[in-house]
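From first to last, the protein sequence lines stand for chains S and B.
With my numbering, letter number 281 in the first sequence gets 281, and the count goes up by one each step, no holes.
Numbering-wise, my numbering comes out as the position in the second sequence, counting from 1, plus 377.
Yeah, the Cβ is synthetic: ideal placement off N, Cα and C, and Gly gets one too.
Just so you know, these numbers come straight off a predicted model, no measurement behind them.
2 protein chains.
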Amino acid sequence: MTTDRIRDFLNTRRPDGPCLVVDLDIVRDNYSAFSRALPDSAIFYAVKANPAPEILRMLASLGSNFDAASVVEIELALEAGATPDRISYGNTIKKERDIARAHDLGVSMFAVDSCEEVEKVARAAPGARVFCRVLTDGEGAEWPLSRKFGCVPDMASKVLGYANDLGLEAYGVSFHVGSQQTNLEAWDRALADARRVFDALLKQGIQLQMVNMGGGFPTRYLKDVPTAQAYGQAIFEALSRNFGNRIPKTIIEPGRGMVGNAGVIKAEVVLVSRKADNDNLRWVYLDIGKFGGLAETMDEAIRYQIRTPRDSDAVEPCVLAGPTCDSADVMYEKVPYPLPVSLTIGDEVLIEGTGAYTSTYSSVAFNGFEPLRSYVI
Amino acid sequence: MTTDRIRDFLNTRRPDGPCLVVDLDIVRDNYSAFSRALPDSAIFYAVKANPAPEILRMLASLGSNFDAASVVEIELALEAGATPDRISYGNTIKKERDIARAHDLGVSMFAVDSCEEVEKVARAAPGARVFCRVLTDGEGAEWPLSRKFGCVPDMASKVLGYANDLGLEAYGVSFHVGSQQTNLEAWDRALADARRVFDALLKQGIQLQMVNMGGGFPTRYLKDVPTAQAYGQAIFEALSRNFGNRIPKTIIEPGRGMVGNAGVIKAEVVLVSRKADNDNLRWVYLDIGKFGGLAETMDEAIRYQIRTPRDSDAVEPCVLAGPTCDSADVMYEKVPYPLPVSLTIGDEVLIEGTGAYTSTYSSVAFNGFEPLRSYVI
Numbered sequence: 001m002t003t004d005r006i007r008d009f010l011n012t013r014r015p016d017g018p019c020l021v022v023d024l025d026i027v028r029d030n031y032s033a034f035s036r037a038l039p040d041s042a043i044f045y046a047v048k049a050n051p052a053p054e055i056l057r058m059l060a061s062l063g064s065n066f067d068a069a070s071v072v073e074i075e076l077a078l079e080a081g082a083t084p085d086r087i088s089y090g091n092t093i094k095k096e097r098d099i100a101r102a103h104d105l106g107v108s109m110f111a112v113d114s115c116e117e118v119e120k121v122a123r124a125a126p127g128a129r130v131f132c133r134v135l136t137d138g139e140g141a142e143w144p145l146s147r148k149f150g151c152v153p154d155m156a157s158k159v160l161g162y163a164n165d166l167g168l169e170a171y172g173v174s175f176h177v178g179s180q181q182t183n184l185e186a187w188d189r190a191l192a193d194a195r196r197v198f199d200a201l202l203k204q205g206i207q208l209q210m211v212n213m214g215g216g217f218p219t220r221y222l223k224d225v226p227t228a229q230a231y232g233q234a235i236f237e238a239l240s241r242n243f244g245n246r247i248p249k250t251i252i253e254p255g256r257g258m259v260g261n262a263g264v265i266k267a268e269v270v271l272v273s274r275k276a277d278n279d280n281l282r283w284v285y286l287d288i289g290k291f292g293g294l295a296e297t298m299d300e301a302i303r304y305q306i307r308t309p310r311d312s313d314a315v316e317p318c319v320l321a322g323p324t325c326d327s328a329d330v331m332y333e334k335v336p337y338p339l340p341v342s343l344t345i346g347d348e349v350l351i352e353g354t355g356a357y358t359s360t361y362s363s364v365a366f367n368g369f370e371p372l373r374s375y376v377i
Numbered sequence: 378m379t380t381d382r383i384r385d386f387l388n389t390r391r392p393d394g395p396c397l398v399v400d401l402d403i404v405r406d407n408y409s410a411f412s413r414a415l416p417d418s419a420i421f422y423a424v425k426a427n428p429a430p431e432i433l434r435m436l437a438s439l440g441s442n443f444d445a446a447s448v449v450e451i452e453l454a455l456e457a458g459a460t461p462d463r464i465s466y467g468n469t470i471k472k473e474r475d476i477a478r479a480h481d482l483g484v485s486m487f488a489v490d491s492c493e494e495v496e497k498v499a500r501a502a503p504g505a506r507v508f509c510r511v512l513t514d515g516e517g518a519e520w521p522l523s524r525k526f527g528c529v530p531d532m533a534s535k536v537l538g539y540a541n542d543l544g545l546e547a548y549g550v551s552f553h554v555g556s557q558q559t560n561l562e563a564w565d566r567a568l569a570d571a572r573r574v575f576d577a578l579l580k581q582g583i584q585l586q587m588v589n590m591g592g593g594f595p596t597r598y599l600k601d602v603p604t605a606q607a608y609g610q611a612i613f614e615a616l617s618r619n620f621g622n623r624i625p626k627t628i629i630e631p632g633r634g635m636v637g638n639a640g641v642i643k644a645e646v647v648l649v650s651r652k653a654d655n656d657n658l659r660w661v662y663l664d665i666g667k668f669g670g671l672a673e674t675m676d677e678a679i680r681y682q683i684r685t686p687r688d689s690d691a692v693e694p695c696v697l698a699g700p701t702c703d704s705a706d707v708m709y710e711k712v713p714y715p716l717p718v719s720l721t722i723g724d725e726v727l728i729e730g731t732g733a734y735t736s737t738y739s740s741v742a743f744n745g746f747e748p749l750r751s752y753v754i
């Protein structure tokens with residue numbers, strides 16, 4: 001997963017300190033794979049996964065649409081060349097003045113999951129399209145979603161009916177099956193819920209148009225995952241099963257699936273030590289940790305693949321920690337990580353599959369460490 | 378805990394978006410309280426808690442020393458007016474080239490917890506003072522420390538002996554009883570360990586000079602905690618009990634205890650909603666969350682006191698969440714937080730006791746949200 005281009009860049013530029021390098025060729029390949037796998041779905045790239053201008057510009061030129069979590073992300077997508085009709089304001093939690101700013105910028109599609117949010121959109125973006133997010137259980141996802149977003153299907157019907165009453169266009173339903181979702185049936189269950197909402201709205205005389213199937217498309221970490229093609233097939237079958245020959249417009253919002261495997265973080269071993277002479281577990285400290293961009297190691301949820309210059313040597317498990325004075329800055333401890341016994345202070349390691357949710361998660365200045373630098377090549 | 382000065386500042390300036398306001402008067406009071414409580418200990422402010430230049434300048438002028446976690450923090454302390462002899466490089470995980478930079482800047486006291494780190498210091502900062510961190514159990518702490526820092530006392534003796542062999546000054550022992558430590562006996566147990574290391578070194582003909590008692594001094598969150606005075610008394614008694622009439626030099630490193638209660642975060646209610654019509658739990662979404670500076674709500678470890686404009690109204694528990702599209706961005710869910718039933722979209726809330734470990738934890742740009750702004754008044 002560390003491409004030759006990334007390896008060449010690191011060997012030539014030799015940047016000091018930890019950094020993320022993203023290979024645009026891989027992003028382009030991922031975009032093509034999604035397009036081929038789901039040819040009838042519009043791709044809305046989840047900008048939050050990695051908002052690097054080079055990535056946004058390339059995706060805009062390929063015809064991608066954009067899912068933005070904030071006004072800043074809307075502005076980034078516009079700067080990258082997207083027209084406002086290709087941007088969805090996909091956060092269900094928005095200040096009314098931010099909705100107004102998005103409306104001023106020409107954005108006309110908004111996510112909601114409550115009547116309270118519908119009222120804000122009706123006031124600040126009159127006539128806009130809204131889609132309502134439905135709660136899913138996220139079973140099978142590595143980074144499970146809580147109940148933070150969405151509402152139960154019955155309430156979604158009410159929310160969309162209310163939107164229609166307030167002069168908005170009740171446009172569709174969205175769901176998110178959970179990040180890194182490897183259970184293909186999760187889409188089927190969510191689509192069945194979506195169909196229930198379509199039926200309920202039809203009884204109110206409202207024809208919904210769109211199903212936003214969100215993200216959750218996994219990137220390759222340590223485990224093999226079904227390819228985009230297999231996902232596309234399963235999703236198409238689930239759509240047919242639930243909507244028959246009246247399949248609505250569909251949207252997908254890949255974020256991690258678009259950029260996760262395109263990025264590699266170069267880091268350095270700062271210390272290898274033990275806590276006692278008879279300690280059978282090494283501690284390996286890197287110059288990047290939970291607060292430098294690897295926030296998704298929280299609860300050891302995501303286990304990144306780590307390459308070292310000594311991968312042909314024997315391995316032993318170790319605790320892997322970051323460089324800050326914060327005791328919570330430990331990546332893998334409950335399940336120690338196998339690394340070469342010969343690993344030494346000063347060794348450079350490559351943390352693969354880190355193109356998504358790393359550079360922006362990084363702390364602004366925790367312990368005086370600068371935010372993760374990022375290169376897009 | 379929201380002082381009149383902070384309230385006046387917010388009412389007058391009316392900053393848009395979430396922000397931290399720190400009242401320097403409270404920091405000054407805290408410094409005085411520590412000085413009075415532990416008159417024989419040198420205060421090394423833990424810069425990582427809040428490195429705002431105004432705070433560092435005031436503490437420098439009051440005579441404080443500084444505990445730095447990185448070269449950047451050393452530079453900040455120097456810029457604030459501290460001389461290098463008043464700065465300790467207190468991180469046990471340092472790149473050799475960072476030790477060399479600190480040495481070039483005149484810093485001559487370094488933390489270690491392994492022979493590997495001693496070797497780096499011996500090469501990059503010949504002749505420097507080192508103190509070795511000893512593992513403590515952290516029992517009673519709200520934000521417990523793991524085994525990340527320190528080694529067992531027997532190994533500490535070896536590490537310090539090795540430092541002496543390599544021409545360094547084996548200077549002392551450090552420990553950290555855990556952040557927000559409310560069990561006064563924790564210091565007694567750690568001091569007993571320190572004494573063991575002193576004795577072991579004396580057998581090698583080395584007289585250690587110093588005990589660095591770290592931080593862990595709690596700030597007032599929801600619970601009342603013993604005052605600095607009570608801490609000082611308990612610590613003095615524990616020193617006498619363990620070292621008799623040969624009490625070594627001592628250092629304390631308050632961070633949270635120096636600035637925690639001096640800061641208040643102003644935030645705004647973005648949405649109040651439910652997930653179903655029959656949902657008996659409200660969700661309250663603020664414009665700040667785990668990735669905007671409230672990282673210490675991880676695992677719901679720290680429960681901040683939250684003031685609202687409707688605190689005289691009846692309260693009901695709610696889930697409290699942040700504004701990002703990340704499902705992990707939820708502050709209090711396992712133990713819902715009681716807030717007024719009448720709380721409404723647009724209300725401003727004050728999150729108290731947030732002067733430490735907030736502004737620097739903040740993500741650099743997650744979901745397009747800007748880092749937490751900070752005002753020191």
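Against chain B, a Cβ distance below 8 Å from residue 366/S picks out 425, 737, 738.
Among the residues of chain S, those whose CB is under 7 Å from the CB of residue 447/B are 367, 368, 369, following chain order. Burial state of residue 13/S is exposed, judged by a 10 Å Cβ sphere holding fewer than 16 other Cβ atoms. Note that the C-beta distance between residue 99/S and residue 110/S is below 8 Å. A Cβ of chain B is located within less than 8 Å of the beta carbon of residue 276/S. The C-beta of residue 296/S has 16 or more other C-beta atoms within 10 Å across all chains shown, which makes the residue buried. Residues of chain B whose Cβ lies closer than 8 Å to the Cβ of residue 51/S are, in chain order, 742, 745. Using a Cβ-Cβ cut-off of 7 Å, residue 528/B is close to 275, 276 of chain S, given in chain order. Annotation for residue 291/S: 322, 324, 326, 329, 362, 363, 366, 367, 369 place their beta carbon closer than 8 Å to its own, counting only its chain and skipping 5 residues before and after. Contacts with chain B at 8 Å (Cβ-Cβ) include residue 117/S. Interface annotation, residue 662/B: in contact with chain S, CB-CB separation under 8 Å. Its chain contains 265, 266, 372, 373, 374, 375 as the residues whose beta carbon lies nearer than 8 Å to that of residue 19/S, once the 5 sequence neighbours on both sides are disregarded; these appear in chain order.
Close to residue 291/S, with beta-carbon spacing below 8 Å, are these residues of chain B in chain order: 672, 738. When the beta-carbon positions are compared, residue 245/S and residue 1/S stay at least 8 Å from each other.
Taking one beta carbon from each stretch, the stretch 709-719 of chain B and the stretch 727-738 of chain B have fewer than 3 pairs nearer than 8 Å; the two do not touch. The stretch 43-116 of chain S contains, as complete alpha helix (DSSP H) runs of 4+ residues, the segments 53-62, 71-79, 96-104 (chain order). Around the C-beta of residue 293/S, 16 or more other C-beta atoms lie within 10 Å, and the residue is accordingly described as buried. Put simply, the CB of residue 439/B is far from chain S, with every gap to its CB atoms at 8 Å or more. Nearest neighbour of residue 155/S by Cα position, chosen from 87/S, 251/S, 91/S, 201/S, turns out to be 201/S. Interface annotation for the stretch 699-716 of chain B against chain S: 699, 700, 701, 702, 703, 704, 705, 706, 707, 710, criterion Cβ-Cβ distance under 9 Å. Residue range 692-698 is occupied by the beta strand (DSSP E) that includes residue 697/B.
The beta carbon of residue 298/S falls within 8 Å of a beta carbon belonging to chain B, placing the residue at that interface. For residue 90/S, a Cβ of chain B is located within less than 8 Å of the residue's own Cβ. Chain B places no beta carbon closer than 8 Å to that of residue 316/S, leaving this residue out of the contacts. Within the same chain, 446 come within 6 Å of residue 425/B by CB-CB distance, once the 5 residues on both sides are set aside.
Our two residues, residue 7/S and residue 345/S, have alpha carbons roughly 21 Å apart in a direct line. Across the stretch 620-653 of chain B, CB contacts with chain S closer than 9 Å involve 645, 647, 648, 649, 650, 651, 652, 653, in sequence order along the chain.
Distance from the CA of residue 275/S to the CA of residue 528/B, rounded to the nearest whole angstrom, comes to 4 Å. Fully contained in the stretch 631-667 of chain B are the following beta strand (DSSP E) runs of length 3 or more, in chain order: 640-650, 659-663. Here residue 748/B carries a coil assignment [DSSP, helix/strand/coil]. In the three-state reduction of the DSSP assignment, residue 229/S falls in the helix class. Listed along chain B, the residues sitting closer than 8 Å to residue 73/S by beta-carbon distance are 744, 745. Interface annotation, residue 378/B: not in contact with chain S, CB-CB separation never under 8 Å. By the rule that beta-carbons nearer than 8 Å mark a contact, residue 135/S touches chain B. Under the Cβ criterion (8 Å, minimum of three pairs), the stretch 498-505 of chain B counts as touching the stretch 530-546 of chain B. In the assembly as shown, residue 665/B is a buried residue. Its beta-carbon has 16 or more other beta-carbons within 10 Å.
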